[in-house]
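2 protein chains.
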Amino acid sequence: MSTVSEVKQKALLAKQAAVLTNNVTTEQKNEALLAMASALIAHSDDIIAANHIDLENGRKNGTSKSLLDRLALNKERIEGIAEGLRQIVALEDPVGEQLEQFSRPNGLRIKQIRVPLGVIGMIYEARPNVTVDATGLCLKTGNTVVLRGGSAAIESNRKIVEVMRKALASTALPADAIQLIEDSDRASVNEMLKANGLLDVVIPRGGASLIRTVVENATVPVIETGAGICHTFVDESAQLNMAIEIALNAKVQRPSVCNSMETLLVHKQFAEKHLEALLAPLAEKVEIRGCARTLEGFTGAVPATDEDYATEYNDYILNVRIVDSLDEALAHISKFGTMHSECIVTEDEDHAAAFLQRVDAAAVYHNASTRFTDGFEFGFGAEIGISTQKLHARGPMGLPALTSSKYLIQGNGQIRQ
Amino acid sequence: MSTVSEVKQKALLAKQAAVLTNNVTTEQKNEALLAMASALIAHSDDIIAANHIDLENGRKNGTSKSLLDRLALNKERIEGIAEGLRQIVALEDPVGEQLEQFSRPNGLRIKQIRVPLGVIGMIYEARPNVTVDATGLCLKTGNTVVLRGGSAAIESNRKIVEVMRKALASTALPADAIQLIEDSDRASVNEMLKANGLLDVVIPRGGASLIRTVVENATVPVIETGAGICHTFVDESAQLNMAIEIALNAKVQRPSVCNSMETLLVHKQFAEKHLEALLAPLAEKVEIRGCARTLEGFTGAVPATDEDYATEYNDYILNVRIVDSLDEALAHISKFGTMHSECIVTEDEDHAAAFLQRVDAAAVYHNASTRFTDGFEFGFGAEIGISTQKLHARGPMGLPALTSSKYLIQGNGQIRQ
Numbered sequence: 001m002s003t004v005s006e007v008k009q010k011a012l013l014a015k016q017a018a019v020l021t022n023n024v025t026t027e028q029k030n031e032a033l034l035a036m037a038s039a040l041i042a043h044s045d046d047i048i049a050a051n052h053i054d055l056e057n058g059r060k061n062g063t064s065k066s067l068l069d070r071l072a073l074n075k076e077r078i079e080g081i082a083e084g085l086r087q088i089v090a091l092e093d094p095v096g097e098q099l100e101q102f103s104r105p106n107g108l109r110i111k112q113i114r115v116p117l118g119v120i121g122m123i124y125e126a127r128p129n130v131t132v133d134a135t136g137l138c139l140k141t142g143n144t145v146v147l148r149g150g151s152a153a154i155e156s157n158r159k160i161v162e163v164m165r166k167a168l169a170s171t172a173l174p175a176d177a178i179q180l181i182e183d184s185d186r187a188s189v190n191e192m193l194k195a196n197g198l199l200d201v202v203i204p205r206g207g208a209s210l211i212r213t214v215v216e217n218a219t220v221p222v223i224e225t226g227a228g229i230c231h232t233f234v235d236e237s238a239q240l241n242m243a244i245e246i247a248l249n250a251k252v253q254r255p256s257v258c259n260s261m262e263t264l265l266v267h268k269q270f271a272e273k274h275l276e277a278l279l280a281p282l283a284e285k286v287e288i289r290g291c292a293r294t295l296e297g298f299t300g301a302v303p304a305t306d307e308d309y310a311t312e313y314n315d316y317i318l319n320v321r322i323v324d325s326l327d328e329a330l331a332h333i334s335k336f337g338t339m340h341s342e343c344i345v346t347e348d349e350d351h352a353a354a355f356l357q358r359v360d361a362a363a364v365y366h367n368a369s370t371r372f373t374d375g376f377e378f379g380f381g382a383e384i385g386i387s388t389q390k391l392h393a394r395g396p397m398g399l400p401a402l403t404s405s406k407y408l409i410q411g412n413g414q415i416r417q
Numbered sequence: 001m002s003t004v005s006e007v008k009q010k011a012l013l014a015k016q017a018a019v020l021t022n023n024v025t026t027e028q029k030n031e032a033l034l035a036m037a038s039a040l041i042a043h044s045d046d047i048i049a050a051n052h053i054d055l056e057n058g059r060k061n062g063t064s065k066s067l068l069d070r071l072a073l074n075k076e077r078i079e080g081i082a083e084g085l086r087q088i089v090a091l092e093d094p095v096g097e098q099l100e101q102f103s104r105p106n107g108l109r110i111k112q113i114r115v116p117l118g119v120i121g122m123i124y125e126a127r128p129n130v131t132v133d134a135t136g137l138c139l140k141t142g143n144t145v146v147l148r149g150g151s152a153a154i155e156s157n158r159k160i161v162e163v164m165r166k167a168l169a170s171t172a173l174p175a176d177a178i179q180l181i182e183d184s185d186r187a188s189v190n191e192m193l194k195a196n197g198l199l200d201v202v203i204p205r206g207g208a209s210l211i212r213t214v215v216e217n218a219t220v221p222v223i224e225t226g227a228g229i230c231h232t233f234v235d236e237s238a239q240l241n242m243a244i245e246i247a248l249n250a251k252v253q254r255p256s257v258c259n260s261m262e263t264l265l266v267h268k269q270f271a272e273k274h275l276e277a278l279l280a281p282l283a284e285k286v287e288i289r290g291c292a293r294t295l296e297g298f299t300g301a302v303p304a305t306d307e308d309y310a311t312e313y314n315d316y317i318l319n320v321r322i323v324d325s326l327d328e329a330l331a332h333i334s335k336f337g338t339m340h341s342e343c344i345v346t347e348d349e350d351h352a353a354a355f356l357q358r359v360d361a362a363a364v365y366h367n368a369s370t371r372f373t374d375g376f377e378f379g380f381g382a383e384i385g386i387s388t389q390k391l392h393a394r395g396p397m398g399l400p401a402l403t404s405s406k407y408l409i410q411g412n413g414q415i416r417q
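Protein chains in written order, with UniProt numbering: chain U, 1 to 417; chain C, 1 to 417.
Following this line, the structure appears as structure tokens:
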């Protein structure tokens, strides 16, 4: 099978299957997810064996320890992945929900209802758990899915998809609702990105370069996820202890993720009194890169550049910049932020309100850590990703983000005048 | 000013202006729209003079009569355009609307509110009314706009934009909220399509080739509008008179628009009894291209090809195909439709329900003309276009389609465990 035909053929199968998945009941979809969960556990030995091959190949190829860790599966992780499917079962099905209903003077009765998007293309890295999570979310919303995971996880993905497809055989959902692109060539990604008419949307999940590739090359609509250069602004009136706790949490609780902080902005009045107290606990855990005034007031820092302010470190590095005012903080965020998650720590309600109003980001916080930008933390029960674009969905995306809508119009012979 | 710098420079001005337009009141926005409406009428002589130059150039270049007609402005048309702005004033402002509000067990209070998209790029053909309509809709929703109209309307657009920008001088909105790309080179379009970070969305309005160019080349998110291969399916149990009226209306009331019918599907049982009666009134006004069975049963038709079924004529041509069943009609629509507007004429409620459920289109009709797919007809009061994609907005797009959302999170020191 050539690259071209694999993507086209499988996307077409997914499109045909979408006609069926669009027309099953919530109960039937839930049964399918539960069958998949049970099958994954029943076949966990096979999956672990396949995963073992990926891990061996990864070690031979010098894959980093952290990537190998994300790739690795064991009984416990497979149980966690299956549990994720069961949690999706418990979520409300958005499909069929009535969004609007109105009548027109000519007697037309118009309803707008939620419908599946259709076929969703997932492009992601070597994380086998995404293979299951994404499939569960897509099927629950009546969509079908074309998966293209990182080639370093191909053996794991092949086995997982085989198990999930077989599990569907005993359910109302067709096995073809789940498609795995096995070709490891980048051309298969490019082909997905241009599969207009077959894929309704492509969702990339992964690092900045993957997402950039997708955004720059896709003609299929994309939901951009991920990149986060997030700021915490410690205002003049902030409580010192709260500022320390929020900054520490935003930076070091899990630096590798998109909602972690990259730059700490500090009001000069606050800095004059508390800079040392604020930065000392951070400096114990991270490298601090500071503006000129930070370097004057705090000895444990190295100079920060504009390039630093524009970098998503995802690492134990923090920029610190002292600003004269709320406006200067807003200007910095507007210049360097990626519109993901931004926080103000302040006791001044007017400043808080201005910050919430004026910062153009998916999630804007007053006195809470940016680390909360997450579908589970928001109570959505699941998340396909965090949208950093403004179209369709913005911020943590739960099940409704995987739906579209259509208008149903009932008449009795109306024609347009 | 080079092409590169014109798009970048004006998009940047629009982006800076968007910070202001995001933070004005509904009343201030309405005042601005009313000022623009008055100014357009006050300067209608200047606008008509500029339009005269465009028309002269068009005639010299052999522009078709219908295109010249769409380009032409006179006092009455300018009054109509100004009235359009006043109608937008009367519409509810979606910005600031609270979409969700919930609290989390940890005490975080989360609100989701509507916000402007930011900077909207409009790419359209030589229709000066779109210059005003689009500007009014974008400003009402707190956005700024970068306009790139067809070069054949450049003198009209330059004058109209000059008048509108001057009108803003006496209002709370900055003149830079309205930007016109004057460069007639296609390179300026391509530059807009790749202006990520400056434009938040691009909306193309125009013919199929313009929209295809935009979809294929844009890295900025696009709202695809327009292409419509719409069907009417006359089922076995349809009332003859209703079927004739709906088919006639869908085809000939205004064949040039996207929601007009291109193909009439007729159930064989209905055709056996009524084909002649159904097609005769249509044949008086349009060319009929029929399937083999249509040609057998009706003498006034020429053969239809698969290419015909896949063509958006926007003209006085109609395909007619006789089908054996509802399923065959659905299969035809699935194969050739553009997911715009589809209609079933039937007295069978089960068939109607199945059609509404199973047809994957923005608007699905039972016993009414597809010509109603329109923001005004739906009661939205205005329309920036009709989305034929599934992301963000689908079908007629009113003001809410020009907004995004953001989450505002209020805490008192919460950090993530």
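Cβ atoms here follow ideal geometry from the backbone N, Cα and C, with glycine treated the same way.
Item, Value
"Would you verify that the beta carbon of U/Arg186 is, or is not, closer than 9 angstroms to some beta carbon of chain C?", "no"
"So, for C/Ser44: in the same chain, excluding its five sequence neighbours on each side, which residues have a beta-carbon less than 6 angstroms away from its beta-carbon?", "Lys75 and Ile78"
"Which residues, taken in chain order from the region 192-209 of chain C, show a beta carbon closer than 8 angstroms to some beta carbon of chain U?", "Asn196, Asp200 and Val201"
"Would you kindly work out how many angstroms separate the C-alpha atoms of U/Ser341 and C/Ala17, rounded to a whole number?", "23 angstroms"
"For C/Arg416, which of helix, strand or coil comes out of DSSP?", "coil"
"Taking Cβ-Cβ distances shorter than 7 angstroms, what residues in chain C pair up with U/Met397?", "Neighbours of U/Met397 on chain C: none; closest Cβ ~12 angstroms, over 7 angstroms."
"So is U/Val222 in contact with chain C if we call contact Cβ pairs under 9 angstroms?", "yes"
"Is it right to say C/Ser188 is buried, meaning 16 or more other beta carbons lie within 10 angstroms of its own, or is it exposed?", "buried"
"List, in order along the chain, the chain U residues whose C-beta lies closer than 7 angstroms to that of C/Ala169?", "Result: empty, since nearest Cβ-Cβ is about 24 angstroms, beyond 7 angstroms."
"Does the structure place the region 152-161 of chain C close enough to the region 111-129 of chain C that three or more beta carbon pairs sit under 8 angstroms?", "yes"
"So with Cβ pairs under 9 angstroms, would you call U/Glu245 a contact of chain C?", "yes"
"Should U/Cys343 be counted as a contact of the ligand GTP given a C-beta to heavy atom distance under 8 angstroms?", "As for the ligand GTP, it is missing from this structure, which has no ligand bound."
"From C/His231 to C/Thr299, what distance separates their C-alpha atoms?", "22 angstroms"
"Look at the alpha carbon of U/Ala292 and the alpha carbon of U/Glu307, and state the distance between them as a whole number of angstroms.", "15 angstroms"
"Comparing the C-beta of U/Met242 with each C-beta of chain C, is any distance below 9 angstroms?", "yes"
"Less than 8 angstroms between the CB atoms is what I'm expecting for C/Arg158 and C/Ile181, so what's the real figure, rounded?", "Not quite, the Cβ-Cβ distance comes to about 11 angstroms (not below 8 angstroms), so this is no contact."
"So, C/Ser405 versus C/Val115, is the Cβ gap smaller than 9 angstroms?", "yes"
"Rounded C-beta distance between U/Arg86 and U/Ala37? I'm assuming under 8 angstroms.", "5 angstroms"
"Mind reading off the beta-carbon distance from C/Thr144 to C/Val163? Whole number of angstroms is fine, and I expect it under 8 angstroms.", "Contact flag wrong, Cβ pair sits at about 17 angstroms."
"With the cut-off set at 9 angstroms, would you say U/Leu318 and U/Leu264 are in Cβ contact?", "yes"
"According to DSSP, simplified to helix, strand and coil, what is residue 418 of chain C?", "Within the shown structure, residues of chain C are numbered from 1 to 417, placing residue 418 of chain C beyond reach of any answer."
"Please report the distance separating the alpha-carbon of C/Gly197 from that of C/Asn412.", "33 angstroms"
"Would you report the Cα separation of C/Ile244 and C/Glu296, rounded to the nearest angstrom?", "20 angstroms"
"If I measure Cβ to Cβ from U/Gly96 and keep anything under 7 angstroms in the same chain, skipping five residues before and after, which residues do I get?", "Ile113 and Arg114"
"Any contact of the region 213-222 of chain U with the region 241-260 of chain U, i.e. 3+ C-beta pairs under 8 angstroms?", "no"
"Nearest by alpha-carbon distance to U/Thr403: which of U/Leu40, U/Arg321, U/Asp93 and U/Val320 is it?", "U/Asp93"
"Using a Cβ-Cβ distance cut-off of 9 angstroms, determine whether U/Leu173 contacts chain C.", "no"
"Using the Cα positions of C/Val19 and U/Gln253, report the straight-line distance between them to the nearest angstrom.", "33 angstroms"
"State whether the region 23-32 of chain C contacts the region 377-388 of chain C, with contact taken as three or more CB pairs (one from each stretch) at a distance under 8 angstroms.", "no"
"Measuring only the C-alpha atoms, how far is U/Arg371 from C/His52?", "59 angstroms"
"Name the DSSP bridge partner or partners of C/Thr131?", "C/Thr131 is not bridged to any residue."
"Against C/Val364, what residues of chain U qualify as contacts under a CB-to-CB distance less than 9 angstroms, listed in chain order?", "Lys406, Tyr407, Leu408 and Ile409"
"What do you reckon, are the CB atoms on U/Glu276 and U/Thr346 nearer than 9 angstroms?", "no"
"Check whether the Cβ of C/Phe372 lies closer than 9 angstroms to any Cβ atom in chain U.", "yes"
"DSSP three-state call for U/Cys230: helix, strand or coil?", "strand"
"For the beta strand (DSSP E) that contains C/His332, what are its first and last residues?", "Taken as a continuous stretch (DSSP letters only), C/His332 belongs to no beta strand (DSSP E), being part of the alpha helix (DSSP H) at Leu326 to Phe336."
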